[in-house]
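The numbering of the sequence shown is my numbering, which starts it at 8 and goes up by one.
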Amino acid sequence: MKHTQHRTLPQRIDAALAGFFRQSPVQAWGHKHPRAFNFLKSRLGTKRFTGLPLSIVSIVLILTIFTLLGVIQDYLATDPLIALDARLANLLFAVRNVQALSVFYGITLFGEVWIVLIAASILSGVLLYNKQRLLALGVWLALIPGEGVAFLGKLLFHRERPSFRAVVEDSFSFPSGHATTVVVFYGFVTYLCLRKVTSWLARLGITFGFLCLMILVDASRLYLGVHYLSDVLAGNLIGLASVLFAVTAIEWLSERKTAINWHKVSLVWLLPSFFCLIGIGVVLMIKAPLFSTTGERPQNKSIASSEILSLFDQQRLPRSTETLLGNAQEPLSFILIGDETCLVDVFHQAG
């Protein structure tokens, strides 16, 4: 009785690709174009990171960068995504309550830079203690580029935060620093866990758990009214690109047969890059401050009833209710202006 050995997913992919390259039409094309054939074959191999894994990571990284550029273009051109920003912010403000604010404020602390920096320092220290220099370097290869790009983005775009935020934050809004931080740090922690765990069920559980944490922090930034949806999306994309860069660097360096000269790496690459980033940040902060000087806050403005209809024309306000995507629904038949207590008193007096 023959027993077939259980094969892993990479082994199955490798066997399928080997069968594909053995087919006659493929072999004939390979004889005509040997360089292209060998390049394609090496890009699809599963035994080295520079094969199929690097090809997949490169495709995902390119898609991430182009998606980020699309979000930036939407912001600059005030496309429908920006209209969705305002509608979603208004909706979340309408359903805001004290209990939920307390919960989401606790959740948002998982994305605070100072908390993550402390956690990253502890993590890199543990990795160094266990003689995992490359992984310890990877923690900062993920954090520094991601946080640096998010920081420069705030200086470049100068987008004001929503005016009805529940916590005091006067730095600029686009992109979200918290959204960048959670994807960078917890994404890299997920990668470290997946390196150690072999069970697919455990890998799915770890990935799902950290993904839920990232989504909750993103939701907290929206519910607290300190960011728009496009801010959070841009921050997530920056964080994802930074994690992919760090993972690619680590896996590529770990496959090198020659030992890494850590003294040369620190002197030639890390220190100059660090001081260059600081210099760019200082120059941009002088030319374009990080913090908003307008101190935008909600303002109460009295509007006479005779001005209401003209206000719709001046501000190009919709004359019907709308969905989050801007689709018109029922026409507005009346408008109530006043705080909740005032409106309740008026209805009580009217019987």
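Glycine included, C-beta positions come from ideal geometry on N, C-alpha and C. Note that the structure is a prediction, hence the values are computed from the model and not measured.
*asked:* Whether or not the segment 181-193 and the segment 119-126 are in contact is what I'm after, with contact meaning three or more pairs of Cβ atoms, one per stretch, closer than 8 Å; do they touch?
replied: As far as the Cβ criterion goes, the segment 119-126 touches the segment 181-193, which means the pair count is three or higher.
*Please classify K161: is it buried, with 16 or more other beta-carbons within 10 angstroms of its beta-carbon, or exposed?*
Your numbering for residue 161 matches position 154 in the sequence shown. Here K161 is buried: its Cβ has 16 or more other Cβ atoms, across all protein chains shown, within 10 Å.
*Runs of beta strand (DSSP E) wholly within the segment 85-130 (minimum 3 residues, chain order)*: If we require 3 residues or more, the segment 85-130 turns out to have no beta strand (DSSP E) run fully inside it.
*Would you kindly report the start and end of the unbroken alpha helix (DSSP H) that includes H185?*
The residue you call residue 185 lines up with position 178 of the sequence shown. Residues 184-203.
_Residue from F117, T188, L229 with nearest C-alpha to F171_ = On the sequence shown, residue 171 is found 164 positions in, with the first residue counted as 1. Answer by Cα proximity: L229.
*asked:* Once the 5 residues before and after F217 are set aside, which same chain residues still bring their CB inside 6 Å of it?
replied: What you label residue 217 is simply residue 210 of the sequence shown in a count that begins at 1. Taking C-beta separations shorter than 6 Å and ignoring five residues to either side along the sequence, the partners of F217 in its chain run Y193, T197, following chain order.
*Keeping to the same chain, check which residues put their C-beta closer than 7 Å to that of T348; ignore five residues upstream and five downstream.*
Against the sequence shown, residue 348 aligns to sequence position 341. Here T348 has no same chain residue with a Cβ atom under 7 Å from its own Cβ, once five neighbours each way along the sequence are excluded.
_E347 - DSSP class collapsed to helix/strand/coil_ = In the sequence shown, the residue the question calls residue 347 occupies position 340. Assignment of E347 by DSSP, reduced to helix, strand and coil, places it in the helix class.
*Would you give the residue range spanned by the alpha helix (DSSP H) that F217 belongs to?*
Position 210 of the sequence shown, counting from 1, holds the residue named residue 217. Per DSSP, F217 belongs to the alpha helix (DSSP H) from 207-230.
*asked:* Would F252 and P152 be called neighbours here (beta carbons separated by less than 8 Å)?
replied: Counting from one through the sequence shown, the residue named residue 252 turns up at place 245. Counting from one through the sequence shown, the residue named residue 152 turns up at place 145. Their beta carbons are under 8 Å apart, which means F252 touches P152 by this criterion.
_By alpha-carbon positions, which one of E167, D81, L75 ends up nearest to T187?_
Position 180 of the sequence shown holds residue 187. Comparing C-alpha distances from T187 to each of E167, D81, L75 shows the shortest one belongs to L75.
*Check whether the Cβ atoms of A96 and Y235 sit closer than 8 Å, and answer yes or no.*
What you label residue 96 is simply residue 89 of the sequence shown in a count that begins at 1. What you label residue 235 is simply residue 228 of the sequence shown in a count that begins at 1. For A96 and Y235, yes; Cβs fall inside 8 Å.
*Leaving out five residues on either side along the sequence, give the residues of the same chain with a beta carbon under 7 Å from the beta carbon of I257.*
Position 250 of the sequence shown holds residue 257. L141, L142, G145, listed in sequence order.
*What distance in whole Å lies between the Cβ atoms of L201 and R210, which are believed to be in contact at a cut-off of 8 Å?*
By 1-based counting over the sequence shown, the position of residue 210 is 203. By 1-based counting over the sequence shown, the position of residue 201 is 194. The Cβ separation is near 6 Å, so the contact holds.
*Can you round the beta-carbon distance between Y82 and S261 to whole angstroms, since I take them to be within the 8 Å contact cut?*
Here residue 82 refers to the residue found at position 75 when the sequence shown is read from its first residue. Here residue 261 refers to the residue found at position 254 when the sequence shown is read from its first residue. Between S261 and Y82 the Cβ distance is about 38 Å, and since that is not below 8 Å, they are no contact.
*asked:* Classify E154: buried if its beta carbon has 16 or more other beta carbons within 10 angstroms, exposed otherwise.
replied: Here residue 154 corresponds to residue number 147 of the sequence shown, with the count starting at 1. Burial is judged here by how many other beta carbons sit within 10 angstroms of a residue's own beta carbon; E154 has at least 16 and is buried.
*Compare the Cα-Cα distances from D92 to each of V351, V239, L163 and report the closest residue.*
As a position in the sequence shown, residue 92 is number 85, starting the count at 1. Considering only alpha carbons, the answer is V239.
*Would you kindly work out how many angstroms separate the C-alpha atoms of L99 and G232, rounded to a whole number?*
On the sequence shown, position 92 is the one that residue 99 refers to. On the sequence shown, position 225 is the one that residue 232 refers to. Roughly 8 Å between the two C-alpha positions.
_Buried or exposed for G246, going by 16 or more other Cβ atoms inside 10 Å?_
To locate residue 246, count along the sequence shown from 1; it is residue 239. Result: buried.
_Check for me: the alpha helix (DSSP H) holding V233 runs from which residue to which?_
Looking up residue 233 in the sequence shown gives position 226. Looking at the DSSP string, V233 is not in any alpha helix (DSSP H), and its letter there is neither H nor E.
_Buried or exposed for F73, going by 16 or more other Cβ atoms inside 10 Å?_
Residue mapping note: residue 73 aligns to position 66 of the sequence shown, counting from 1. So F73 counts as exposed.
*Kindly indicate the opening and closing residues of the alpha helix (DSSP H) around E154.*
The residue you call residue 154 lines up with position 147 of the sequence shown. Where E154 is concerned, the enclosing alpha helix (DSSP H) stretches over 140-164.
*In whole angstroms, what separates the C-alpha of L135 from that of V105?*
Along the sequence shown, one-based indexing puts residue 135 at 128. Along the sequence shown, one-based indexing puts residue 105 at 98. C-alpha of L135 to C-alpha of V105: approximately 43 Å in a straight line.
_What does the Cβ neighbour count give for L148, buried or exposed, with the cut at 16 atoms within 10 Å?_
On the sequence shown, residue 148 is found 141 positions in, with the first residue counted as 1. Buried: at least 16 other Cβ atoms inside 10 Å.
_Local conformation of A357 per DSSP, three classes_ = For the purposes of this step, residue 357 is taken as the residue at position 350 of the sequence shown. Residue state, collapsed to three classes: coil.
_Once the 5 residues before and after V254 are set aside, which same chain residues still bring their CB inside 6 Å of it?_
Here residue 254 is taken as the residue at index 247 of the sequence shown, counted from 1. Y198.
*May I have the straight-line CA-CA distance separating I69 from E167, to the nearest angstrom?*
The count along the sequence shown starts at 1 and reaches residue 69 at position 62. The count along the sequence shown starts at 1 and reaches residue 167 at position 160. Roughly 29 Å between the two C-alpha positions.
*Note down the Cα distance separating V351 from S109, rounded to an integer number of angstroms.*
Position 344 of the sequence shown, counted from the start, is the residue given in the question as residue 351. Position 102 of the sequence shown, counted from the start, is the residue given in the question as residue 109. Rounded to whole angstroms, the gap between the alpha carbons of V351 and S109 is 27 Å.
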